[in-house]
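J.: Here it is, the structure in full.
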Amino acid sequence: MGFLVPQAHGEKDVLITNVLHQLAQVRTSVYGLSNEQAHSAPTASSLNLTGLLRHCALVAAGWSTMAAQQINMPDVPGDIGEDMDMEDCVAHPATVDETLEFFDRCVTYASGQMESIADLSAPMPIPDAPWFPPELEFWEARWALTHVIGELARHAGHADVIRESIDGKGSYELNDLVDGLDPNREW
3 MGFLVPQAHG EKDVLITNVL HQLAQVRTSV YGLSNEQAHS APTASSLNLT
53 GLLRHCALVA AGWSTMAAQQ INMPDVPGDI GEDMDMEDCV AHPATVDETL
103 EFFDRCVTYA SGQMESIADL SAPMPIPDAP WFPPELEFWE ARWALTHVIG
153 ELARHAGHAD VIRESIDGKG SYELNDLVDG LDPNREW
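Shown next, in the form of structure tokens:
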């Protein structure tokens, strides 16, 4: 997979490719970890890797649904589950394998939703939340996808710090390991 986002053509494909690449980067953070390690919070924060995976999966599912359907409160399938705040995601007891299965299911769903976006300029209502400016009436589907890219990139950084705190493995090494490459190879 590597660090470089795969080449894509056209605005919609570039946005979708970037969302999926950030999700893949977060997914690599648990590669080779035990359940105990993936649930640990080795930094000053209470975040753990399984919680970040669950949160990122829900972010992708929810925001992609809003972008595709231009609705305020996304109706994601029941097998994805209800939206959870970060604390609930971090506290969720699922194993690494169960978390990855949930994550992959959400990513597949989000990918389908993003592919179904017919018009990136289509307005979507602003979700009802106190942190969104009250004067905003809508934003475009393209804005929603760029918002998802930004949030996932932030969380990929969180995952990097947490993983490096657990065993010192960084993203470049993990990408190589996931791809079956020797991380110590000569360039």
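The sequence shown begins at 3 in our numbering and counts up by one. Note that CB positions come from ideal geometry on N, CA and C, so glycine has one too. None of these values were measured; they are calculated from a predicted model.
(1) Could you compute how far the alpha carbon of D87 sits from the alpha carbon of A62?
(2) Taking the CB atoms as reference points, tell me whether E117 and I18 lie closer together than 8 Å.
(3) Expressed to the nearest angstrom, what Euclidean distance is found between the alpha-carbon atoms of A70 and C58?
(4) Counting only the same chain and skipping the five closest in sequence on each side, list residues whose C-beta sits under 7 Å from that of C108.
(5) Can you list, in chain order, the residues of its chain whose CB lies under 6 Å from that of S31, leaving out five sequence neighbours each side?
(6) Closer than 6 Å by C-beta to A1: which residues in its own chain qualify, once you throw out the five before and the five after it? Chain order, please.
(7) Tell me E137's beta-bridge partners as DSSP assigns them.
(8) Just to confirm my understanding: we take F134, look at its own chain, exclude 5 residues before and 5 after, and list those with CB closer than 7 Å. What are they?
(9) Ordered along the chain, which non-local residues of its own chain (more than five positions away) have a Cβ less than 7 Å from that of H7?
T.: Reading off the structure:
(1) Counted from its first residue, the sequence shown places residue 87 at position 85. Counted from its first residue, the sequence shown places residue 62 at position 60. When rounded, the distance between both Cα atoms is 14 Å.
(2) By one-based count along the sequence shown, residue 117 stands at place 115. By one-based count along the sequence shown, residue 18 stands at place 16. Taking 8 Å as the Cβ cut-off, E117 and I18 qualify as a contacting pair.
(3) Counting from 1 along the sequence shown, the entry for residue 70 is found at position 68. Counting from 1 along the sequence shown, the entry for residue 58 is found at position 56. The alpha-carbon atoms of A70 and C58 are separated by roughly 18 Å.
(4) One-based indexing of the sequence shown puts residue 108 at position 106. If we look at C108 and ignore the five residues flanking it on each side, its Cβ neighbours are A59, L60, A62, A63, I82.
(5) By one-based count along the sequence shown, residue 31 stands at place 29. Correct list, in chain order: L51, A161, R165.
(6) Here the chain has residues from 3 to 189 only, and residue 1 is not among them.
(7) Counting from 1 along the sequence shown, the entry for residue 137 is found at position 135. Looking at the DSSP assignment, E137 forms no beta bridge with any residue, so it has no partner.
(8) As a first step, residue 134 must be located in the sequence shown, where it is residue number 132. Only I128 meet the Cβ criterion.
(9) Here residue 7 refers to the residue found at position 5 when the sequence shown is read from its first residue. The residue you asked about is not His; residue 7 is Val in the sequence shown. Cβ within range, chain order: T19, N20, H23.
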